[in-house]
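This report refers to the structure that appears directly beneath it.
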Amino acid sequence: MKEEDILTLEAPFRGAYRLRRLSFGSGSPKLALVAGMHGNELNGVHALHLLARTLRLQPPQGTVHLLPTVNVFGIDEGRKRGPFGDEDINQAFPGDPAGTAVQRIAHAIIEATDADVCIDVHSGSPAMEELPQVRVPLSGPEVELGRAMGLPLVWRRAGEHLDVTGLVGSWRANGRRALRVVAGRGAVVQPDVALSVANGFLRLMVSMGMSQLGGEGATLADVTLSEVSTHRSSIGGFFVPDVVVGQRVEPGYVLGHVVAAVGGEVLEAVRAKRTGIVSTVRVYPMVHAQELLVRISGVAK
Amino acid sequence: MRLSSGRTELASAFGVCCFGVVTLLPPFVQYLRRQDHLEETLSPICSVELPTGDEVLLHRRRFEGTGGRHVAIVAGIRGDTPEGVRVLHTVTSILRKVEVLAGRLDLYPCANPLAAHRASRRWPLFDVDLNRLFPGKAGGHPPNQVAHALVENVREAEVVIELRGANPAFREMPQAHTRIGRQRERELAEFANVEFVWERNPGPAAPATFAAQFENVVALEGGAGNRLMPGVGEELAVGVLNMLARLEVISQDDVPRHWAGIHRARHVTDDQVHRVRAERGGFFLPAKPIGEAVSLGEVVGYVVEPTSAETREEIRAPAEGYLLAIREQPLIVPGSMVARLVASS
Numbered sequence: 551m552k553e554e555d556i557l558t559l560e561a562p563f564r565g566a567y568r569l570r571r572l573s574f575g576s577g578s579p580k581l582a583l584v585a586g587m588h589g590n591e592l593n594g595v596h597a598l599h600l601l602a603r604t605l606r607l608q609p610p611q612g613t614v615h616l617l618p619t620v621n622v623f624g625i626d627e628g629r630k631r632g633p634f635g636d637e638d639i640n641q642a643f644p645g646d647p648a649g650t651a652v653q654r655i656a657h658a659i660i661e662a663t664d665a666d667v668c669i670d671v672h673s674g675s676p677a678m679e680e681l682p683q684v685r686v687p688l689s690g691p692e693v694e695l696g697r698a699m700g701l702p703l704v705w706r707r708a709g710e711h712l713d714v715t716g717l718v719g720s721w722r723a724n725g726r727r728a729l730r731v732v733a734g735r736g737a738v739v740q741p742d743v744a745l746s747v748a749n750g751f752l753r754l755m756v757s758m759g760m761s762q763l764g765g766e767g768a769t770l771a772d773v774t775l776s777e778v779s780t781h782r783s784s785i786g787g788f789f790v791p792d793v794v795v796g797q798r799v800e801p802g803y804v805l806g807h808v809v810a811a812v813g814g815e816v817l818e819a820v821r822a823k824r825t826g827i828v829s830t831v832r833v834y835p836m837v838h839a840q841e842l843l844v845r846i847s848g849v850a851k
Numbered sequence: 189m190r191l192s193s194g195r196t197e198l199a200s201a202f203g204v205c206c207f208g209v210v211t212l213l214p215p216f217v218q219y220l221r222r223q224d225h226l227e228e229t230l231s232p233i234c235s236v237e238l239p240t241g242d243e244v245l246l247h248r249r250r251f252e253g254t255g256g257r258h259v260a261i262v263a264g265i266r267g268d269t270p271e272g273v274r275v276l277h278t279v280t281s282i283l284r285k286v287e288v289l290a291g292r293l294d295l296y297p298c299a300n301p302l303a304a305h306r307a308s309r310r311w312p313l314f315d316v317d318l319n320r321l322f323p324g325k326a327g328g329h330p331p332n333q334v335a336h337a338l339v340e341n342v343r344e345a346e347v348v349i350e351l352r353g354a355n356p357a358f359r360e361m362p363q364a365h366t367r368i369g370r371q372r373e374r375e376l377a378e379f380a381n382v383e384f385v386w387e388r389n390p391g392p393a394a395p396a397t398f399a400a401q402f403e404n405v406v407a408l409e410g411g412a413g414n415r416l417m418p419g420v421g422e423e424l425a426v427g428v429l430n431m432l433a434r435l436e437v438i439s440q441d442d443v444p445r446h447w448a449g450i451h452r453a454r455h456v457t458d459d460q461v462h463r464v465r466a467e468r469g470g471f472f473l474p475a476k477p478i479g480e481a482v483s484l485g486e487v488v489g490y491v492v493e494p495t496s497a498e499t500r501e502e503i504r505a506p507a508e509g510y511l512l513a514i515r516e517q518p519l520i521v522p523g524s525m526v527a528r529l530v531a532s533s
């Protein structure tokens, strides 16, 4: 294993920012994994820890680059944005080596992830629990790469979600095959979720001929946007879910209730619109009207 | 520079999930200047190990001569107070030119580096105000441990000067704060090159503040939070040096201003200081600058409706006197303080 600082930036008072990269193996094919770009999304950080443990014991056939703590200051401080000010690195791509601090970091990430396949790993926000999922384009080689991970959800999405100011869009603009993984919720580490994602990486490596260690995956739903129903609150209040991610529901199933924040009177029962797998659940209860509560990814009856 | 002494045991005692480990460091002294009767050293007093493996050090700069008093000057207990940090820069640059120093002078230029890095008042992640954690705890969370380390290091000082900053919502005149009935503090603060020395009664939070941990403390503040204001840092630096001359740690000739040009402070107590509050919520527009004399009932600002600009309230001076502070951050609710006024009598 090789550990190196890809970029350092001076920071007042607290010591320099360092963009660290761990590299395993050599040659082709090459896989690059990035986590911790949002400092409060920690399942990806732990998923890369788990993968690194495996790769230390059994180096890959080819090269694996890991950038596990991109927003190191944000991780230390438990906040999404940063590391400097209130900027989001994931809106600073493709970056600029002579630009702002986050543009320099974005540029360095692109340079440090010159690989055949690149994956950006995120969690849901601290308010939302997400079924471990890989987000891929509607068509092209990434679809099969995403499916090879065997994560519970494969979500094929159109290009409007792949702006080049984000890392995945920027990778694709550079001709790389890029995937986005989203798993669990922010602000916490969920070891089972991180393990599920790490196993997905190993299955992908098997499909790329880089490893023999991947086990069986279990994809519960493989959908496009039109097959995903979103359930929103019609009124502001306190949302109490009655489902968990990964649960199969039928139309009319009660997903949860919006109750009055003062007194707990039931204001709304939220019911499933379709047969499917619960792929997103709001876990922070305070909601405004029209906020997302639950997503259901459709499956055949 | 990376120091590791003692960290391993503490890190294992806290386990892998703690958000930072603080290690009291053994002496690790960098000698910056050594002469026959004066030396300047830089030492870390403790290190905060962060979850990602980064390490933040708290430093003490020490000027040591022969004999004399032991004085500690501390800045940056809150992270939104760069003016105090600048004052210590200026004081340091003057002390480097001093030929004779009687005593020991310890400078702590930034006691809360993580908050300073964020330009935030409170220690990040734990979201705590370090100036409500003193005397700290050796076995507490990292902010508590840093508070403890700071108190332990400053404890032996005979005189403590604390450099605070103004609240970021306000602009304040340079001022010194002492505790009511502390004659030594009051006499020293007269030399702080400020317009007002405010002798304060301790409030409910006072026991947990840094200043409450020591016998002789003068706190200086002024300007605006998170900004360096023209004139403020220079005046406070002159004040610090003038107090050091008064304490005979340095010579009056080392103070970069003739004694005749030093501001003569006026003493005020709590009953002379009025906190002027708004009764209506809205957008506060100040009508007077700080330092200006106002008469009883004179308008010092307006509360206007934020979208129509219609005046909701005229804020009037509750006494004849001077504006010690005026609000610059305009968004207010009923009860928000918009000015602080020192009554003439």
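As you go down the protein sequences, you meet chains A and B in turn.
All letters in the first sequence, in the order written, are residues 551 to 851 by this note's numbering.
All letters in the second sequence, in the order written, are residues 189 to 533 by this note's numbering.
Even glycine gets a Cβ: it sits at the ideal position worked out from N, Cα and C.
Kindly list, in the order they appear in chain B, the residues whose Cβ is closer than 8 angstroms to that of residue i.
i        : result
Pro562/A : Ala304, His305
Can you tell me whether residue i is buried or exposed? The criterion is at least 16 other CB atoms within 10 Å of its CB, across all chains shown.
i        : result
Trp386/B : buried
Asp315/B : exposed
Glu197/B : A caution first: Glu197/B carries a pLDDT of 29, below 50, which makes its placement in the model too unreliable to give a value.
His446/B : exposed
Asp294/B : buried
Val443/B : buried
Val521/B : exposed
Asp458/B : exposed
Thr495/B : exposed
Asp317/B : buried
Lys630/A : buried
Glu694/A : exposed
Lys285/B : exposed
Can you tell me whether residue i is helix, strand or coil according to DSSP?
i        : result
Gln440/B : helix
Asn715/A : In the sequence on display, residue 715/A carries Thr and not Asn. Note: Thr715/A maps to coil in three-state DSSP.
Ala260/B : strand
Gly410/B : strand
Ala534/B : Residue coverage of chain B in this structure runs from 189 to 533, which leaves residue 534/B outside it and unanswerable.
Ser235/B : strand
Cys206/B : For Cys206/B, the predicted structure reports a pLDDT of 38, less than 50, and the residue's modelled location is therefore unreliable. A value from the coordinates is still provided. In the structure shown, Cys206/B sits in coil (DSSP, three-state: anything other than H, G, I, E or B).
Ser776/A : helix
Arg309/B : coil
Ala527/B : strand
Gln218/B : strand
His277/B : helix
His446/B : coil
Ser829/A : strand
Ile368/B : coil
Gln840/A : coil
Gln797/A : coil
Gln333/B : helix
Val420/B : helix
Arg343/B : coil
Met431/B : helix
Pro395/B : helix
Ile503/B : strand
Asp294/B : strand
Asp792/A : coil
Ile349/B : strand
Arg248/B : strand
Name, please, each residue of chain B whose Cβ falls closer than 9 angstroms to the Cβ of residue i.
i        : result
Asp626/A : Phe207, Gly208, Leu238, Pro239, Thr240, Asp242, Leu302, Pro312, Leu313
Going along chain A in order, which residues have a C-beta closer than 8 angstroms to the C-beta of residue i?
i        : result
Cys298/B : Phe563
For the region 595 to 652 of chain A, which segments carrying the alpha helix (DSSP H) assignment without a break, of at least 4 residues, lie completely within its bounds, in sequence order?
-> Whole alpha helix (DSSP H) segments, 4+ residues: 622 to 627.
Quick check: the region 329 to 349 of chain B against the region 495 to 511 of chain B, are there 3 or more CB pairs under 8 angstroms?
-> The region 329 to 349 of chain B makes no contact with the region 495 to 511 of chain B; the number of CB pairs closer than 8 angstroms stays below 3.
At least three beta-carbon pairs within less than 8 angstroms, the region 341 to 357 of chain B to the region 402 to 419 of chain B = Contact holds between the region 341 to 357 of chain B and the region 402 to 419 of chain B, because three or more Cβ pairs, one in each stretch, are under 8 angstroms apart.
Looking at chain E, which residues of the region 610 to 644 of chain A have a Cβ within less than 8 angstroms of any of its Cβ atoms?
-> The question asks about chain E, but that chain is absent: this structure's protein chains are A and B.
For the region 577 to 585 of chain A against the region 660 to 678 of chain A, are there 3 or more C-beta pairs whose distance is under 8 angstroms?
-> Flag = yes, the region 577 to 585 of chain A and the region 660 to 678 of chain A touch.
So, do the region 748 to 768 of chain A and the region 611 to 627 of chain A have three or more beta carbon pairs nearer to each other than 8 angstroms?
-> They touch, by the three-pair rule.
Inspect the CB distances between the region 671 to 682 of chain A and the region 722 to 742 of chain A and report whether three or more fall short of 8 angstroms.
-> With the cut-off at 8 angstroms, the region 671 to 682 of chain A and the region 722 to 742 of chain A touch.
Return the chain-ordered ranges of every beta strand (DSSP E) run that is complete within the region 696 to 758 of chain A and spans a minimum of 3 residues.
-> Runs of the beta strand (DSSP E) inside the region 696 to 758 of chain A: 703 to 707, 727 to 734.
Kindly confirm or deny that the region 814 to 833 of chain A and the region 843 to 851 of chain A touch, where touching means at least three C-beta pairs closer than 8 angstroms.
-> The region 814 to 833 of chain A is in contact with the region 843 to 851 of chain A.
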